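Undergrad: Please read through the structure below; I'll follow up with questions.
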Ligand SMILES: NC(=O)c1ccc[n+]([C@@H]2O[C@H](COP(=O)([O-])OP(=O)(O)OC[C@H]3O[C@@H](n4cnc5c(N)ncnc54)[C@H](O)[C@@H]3O)[C@@H](O)[C@H]2O)c1
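What follows is the structure, encoded as structure tokens:
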């Protein structure tokens, strides 16, 4: 059976969604929607889509899709996700899931009321290098992780494709930060508490473009997460996530150029975990593009009843709480206990 999908939001990143759907067996995008008709039409022309809408409610009413892929920016997410569920569609929401936990919880509730799955488009956990690292940890390569450093630093001009990033007051933590916090949970489970410092370095932007967070995991492990959009390095490593994990029996590190190293028993084993470049993709975006396609194949398996959403909206509540708690920590200088923070935010 082919699941019929509606894409809402035909901006900068949505082309990757559409390319991924075109490759995904078992799903077909049957209509696209954008407030800006010229963007919707351009996307329809590029991918041979028959129906174009500028109003999401009209699109849902006429098309009755099995699933909706929301690829808009965060201010529209709650309204669109609730609309999609009101029309009985399984729903995918791009990150950031929401600006507040109240909005995020309302979307989770709407999915439960509709009895349909809600996914958050957290594609980093679908990147092949991160899956290889997770598998090595799960196989016990280094024993139980005690320390990890997760780092995403670059000076790629993200503002060229996404000019709104220069204008948002909450930038790095709500953009790549959310991905990195999801990676923490993917690799090491839930965090107990968090401390964070932020910096705004690039002249003229409204939000923070650097942060350093330190986390204590419920497992007892200590994790640092750092991110910068204003770091000079040649060649620029964007959009790679560098990760070092230390355990009692060894160290795993994911280094520039997608090499996964295992330091153990006096030996260094290195292997390439670089994803291929999709036929429609290009470097340096290929790891991201490959992960979008992998995530969408997973969505089809969920719609077929074979898997549970990774991650679901309900799972993503705690990830969003981490980013919001990081802002609180940066403002107050305090270490934030995450369960209590999420409880207070009710
Ligand atoms: N997962 C990733 O790796 C990744 C990468 C880039 C962007 N993103 C996320 O994807 C989302 C979109 O980012 P972008 O850079 O493509 O944004 P964008 O501004 O280029 O595109 C968003 C589009 O949504 C449309 N839109 C807004 N509200 C709408 C509504 N109510 N109905 C129909 N259309 C509406 C806008 O007109 C615009 O064309 C953001 O939340 C961003 O954080 C994720």
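In our numbering, the protein residues as written are 285 to 630.
Each residue gets a CB set at the ideal place from its N, CA and C atoms; glycine is no exception.
Computed from a predicted structure; not experimentally measured.
For a test of your reading of the model: does the CB of residue 478 fall under 7 Å from any non-hydrogen atom of ligand 1? Yes or no.
TA: No; taking the cut-off as 7 Å, the Cβ of residue 478 has no heavy atom of ligand 1 nearer than that.
Undergrad: Determine the extent of the alpha helix (DSSP H) in which residue 303 is found, giving its start and end residues.
TA: From DSSP, the alpha helix (DSSP H) with residue 303 extends over 298 to 307.
Undergrad: Looking only at its chain, what residues have a beta carbon closer than 7 Å to the beta carbon of residue 468, apart from the 5 residues adjacent to it on each side?
TA: Hits under 7 Å: 434, 475, 499, 507 and 509.
Undergrad: Taking all protein chains shown into account, do 16 or more other C-beta atoms lie within 10 angstroms of the C-beta of residue 448, making it buried, or fewer, making it exposed?
TA: By the neighbour-count rule (16 or more Cβ atoms within 10 Å), residue 448 is not buried but exposed.
Undergrad: With residue 462 and residue 571 assumed to form a contact (beta carbons below 8 Å), what rounded beta-carbon distance in angstroms separates them?
TA: No, residue 462 and residue 571 are not in contact; Cβ-Cβ is about 17 Å, not under 8 Å.
Undergrad: Please check if any C-beta of chain D sits within less than 8 Å of the C-beta of residue 521.
TA: Annotation note: the requested chain D is absent from the structure, which comprises a single protein chain.
Undergrad: So the beta strand (DSSP E) residue 449 belongs to, where does it begin and stop?
TA: Element bounds for residue 449: n/a, residue is neither H nor E.
Undergrad: Report the three-state DSSP secondary structure of residue 383 (helix, strand or coil).
TA: Coil.
Undergrad: With respect to 7 Å, is the separation between the Cβ of residue 438 and the closest non-hydrogen atom of ligand 1 below this value?
TA: Outside the cutoff, so no.
Undergrad: Apply the 10 Å Cβ neighbour rule to residue 531 and answer buried if 16 or more other Cβ atoms are within range, or exposed otherwise.
TA: Residue 531 is buried by the Cβ-count criterion.
Undergrad: Evaluate the contact criterion for the region 407 to 424 versus the region 552 to 571: three or more CB pairs, one atom per stretch, below 8 Å.
TA: Short answer: they touch.
Undergrad: From residue 394 to residue 604, what distance separates their C-alpha atoms?
TA: Those two C-alpha atoms are separated by around 18 Å.
Undergrad: Assuming contact is defined by CB atoms lying nearer than 8 Å, are residue 311 and residue 584 in contact in what I supplied?
TA: Taking 8 Å as the Cβ cut-off, residue 311 and residue 584 qualify as a contacting pair.
Undergrad: Leaving out five residues before and five after residue 383 in sequence, what residues of the same chain have Cβ atoms less than 6 Å from its Cβ?
TA: Same-chain partners within the cutoff: 358.
Undergrad: Considering residue 408, what are the terminal residues of the beta strand (DSSP E) in which it resides?
TA: Per DSSP, residue 408 belongs to no beta strand (DSSP E) and is neither H nor E.
Undergrad: Quick one: grab the DSSP three-state call for residue 356.
TA: Here residue 356 sits in coil by DSSP.
Undergrad: Looking only at DSSP bridge pairs, what is residue 537 linked to?
TA: DSSP lists 528 and 545 as partners of residue 537.
Undergrad: For residue 551, is the classification buried or exposed, using 16 other Cβ atoms within 10 angstroms of its Cβ as the cut-off for buried?
TA: So residue 551 ends up on the exposed side.
Undergrad: Quickly, what does DSSP pair residue 402 with across the bridge? List them, please.
TA: Answer is 375, bridged to residue 402.
Undergrad: Just to check my reading of the structure: residue 329 and residue 293 have Cβ atoms closer than 8 Å, yes? What is that Cβ distance to the nearest angstrom?
TA: Their Cβ separation, rounded to whole angstroms, is 17 Å, which puts residue 329 and residue 293 out of contact at 8 Å.
Undergrad: Could you check how far apart the C-beta atoms of residue 404 and residue 369 are, in whole angstroms? I think they sit under 8 Å.
TA: Not really, about 14 Å apart at Cβ, beyond 8 Å.
Undergrad: Within this structure, are the beta carbons of residue 548 and residue 426 separated by less than 8 Å?
TA: Their beta carbons are under 8 Å apart, which means residue 548 touches residue 426 by this criterion.
Undergrad: Is residue 514 near ligand 1, with its Cβ less than 7 Å from a heavy atom?
TA: No, the beta carbon of residue 514 sits no closer than 7 Å to any heavy atom of ligand 1.
Undergrad: Going along the chain, which residues of its own chain have a beta-carbon closer than 6 Å to the beta-carbon of residue 387, five neighbours each way excluded?
TA: Result list for residue 387: 362, in chain order.
Undergrad: Check whether the Cβ atoms of residue 471 and residue 421 sit closer than 8 Å, and answer yes or no.
TA: Cβ distance < 8 Å, so residue 471 and residue 421 count as in contact.
Undergrad: From residue 371 to residue 402, what does the alpha carbon distance come to, in whole angstroms?
TA: Cα-Cα distance, rounded: 13 Å.
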